[in-house]
Amino acid sequence: MFVLGIETSCDETACSVVSKEGVWSDIIWSQTIHSEYGGVVPEIASRAHLDKIVTCTEAALQEAGLDKPDAVAATAGPGLKGALLVGFCYGKALAMGWKVPFIGVNHLEAHLLSALLEDPAPAFPFLSLVVSGGHTSLYLARELGVYETLGQTIDDAAGEAYDKLSRMMGKGYPGGPIVDKLAHQGAASIPFPRPRPKGKGRSRVAPEDRRALDMSFSGLKTAARYYLEKTPSWSAEDVSASFQAAVIDVLLDRIERGAKETGVRRVVIGGGVAANSGLRAALQERDYELFLPPRSRCTDNGSMIAHCGLLHLQQQRRTPLSETVRARWTPGAA
Ligand code: KG4
Ligand code: ZN
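In numbering that gives the first Met the number 0, the protein residues as written are 0 to 333.
Given below as structure tokens:
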């Protein structure tokens, strides 16, 4: 079964063809225009997806040598609603015209499972850290579609904190790769905090959804801001190295505590920050059964959507064409 995957949840228009034999094409159009604004502008993102969606899809089919796939998968959420609607509605229309099955894919589930696209692939159960620009969550993946959230950020996502630090230092967007590179040239000499979520205070997570392994990155970002304001001679390299060391400490601490709590030491990571060289190196030093997707499959791509769709289609799941997108959607939830 050849599945066409379409991803438009944020600022990448990405289309890919995947079958159980592997990836046949993987086309990504990254919207660089947002760098002028220091972050993604939703309205501009939707319009740019509209501009590119047809070309991207045609290129993905052509590269795979197909006139039409056997099924269409498109990101249904979470993400920017207007951006999601472009790929989702286009995917539904294609499926309708081609008379093939359609499935709406959860973007976080696709990141969570992205290591399954590689050879060797991890067996269930495993711990999956999804760490991106919009989300930072640690899941216990018991089987396809059954995920337990062990912890999540209660404020900024780790990638968002990277992007904000880069902006505060007058560097570009997205900030993660820039800070990652600078970090290699500096020393982790500034004692930035490793914040623990407080019981009370502002939080994006409802009190009933708070968990022992929750994370917080906004205090770290604020500490970096104070440091930059108070230190006229700050070095971007040292600030980056110190910030990155703090982020990695927090993420490794939660993975280790998650492994102890569940007894599962098979670990996978996904999402843009999973491309971070420091995080990848630190994980490789631990005694986990580790599955690291290649860096290009950590950031948003169409193959993870096609592949996640394929796994569900193989279990006879379909999404009715009457469904629409969701800005928020916990992976595994109906
Ligand atoms: O998964 P993704 O492509 O999009 C979302 O679903 O959010 O993740 C994008 C995020 C951005 O915040 C970007 O700065 C961050 O991933 N990122 C990195 C690295 N590469 C991308 N963060 C740290 N180190 C990197 N090498
Ligand atoms: Zn993503």
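Using N, Cα and C, we set each Cβ at its ideal position, and we do this for glycine too.
Where does Thr-31 land, buried or exposed, given buried means 16+ other C-beta within 10 angstroms?
Looking at its Cβ environment, which holds fewer than 16 other Cβ atoms inside 10 Å, Thr-31 is exposed.
Three or more C-beta pairs closer than 8 Å, one from the stretch 215-232 and one from the stretch 264-284: is that the case here?
no
Taking 7 Å as the line, does the beta carbon of Glu-322 fall inside it for any heavy atom of ligand 1?
no
Of the residues Lys-19, Ala-75 and Val-130, the one placed nearest Arg-325, counting alpha carbons only:
Ala-75
Where does Gln-184 sit, in a helix, a strand or coil, going by DSSP?
If DSSP states are grouped into helix, strand and coil, Gln-184 belongs with coil.
Check Gly-169 in the structure and name its three-state DSSP category.
coil
When Glu-260, Ser-321 and Lys-229 are compared against Lys-91, the one with the closest alpha-carbon:
Here the closest residue by C-alpha is Ser-321.
Roughly how many whole angstroms lie between the Cα atoms of Leu-84 and Thr-56?
16 Å
Would you identify the three-state DSSP class for Val-129, choosing helix, strand or coil?
strand
Using a Cβ-Cβ cutoff of less than 6 Å, which residues in the same chain neighbour Thr-7 once the five nearest sequence positions on both sides are dropped?
Excluding residues within five positions, the ones whose Cβ falls inside 6 Å are His-48, Ala-82, Val-85 and Gly-86.
For Ile-268 versus Ala-109, is the C-beta distance shorter than 8 Å?
Between Ile-268 and Ala-109, the CB-CB gap reaches or exceeds 8 Å.
Can you tell me whether Asp-299 sits near ligand 2, meaning its C-beta is under 7 Å from at least one heavy atom of the ligand?
yes
Taking 7 Å as the cut-off, is the C-beta of Val-33 nearer than that to any heavy atom in ligand 2?
The sequence given here has His at residue 33, not Val. His-33 Cβ: outside cutoff for every heavy atom of ligand 2.
Please name the residue, chosen from Ser-202, Ala-72 and Gly-21, that lies closest to Pro-319 on a Cα-to-Cα basis.
Ala-72
For ligand 2, any of its heavy atoms closer than 7 Å to the Cβ of Gly-103?
no
As an exercise, report each continuous alpha helix (DSSP H) stretch of at least 4 residues that is fully enclosed by the stretch 209-258, in chain order.
217-229
In whole angstroms, what separates the C-alpha of Phe-1 from that of Arg-46?
28 Å
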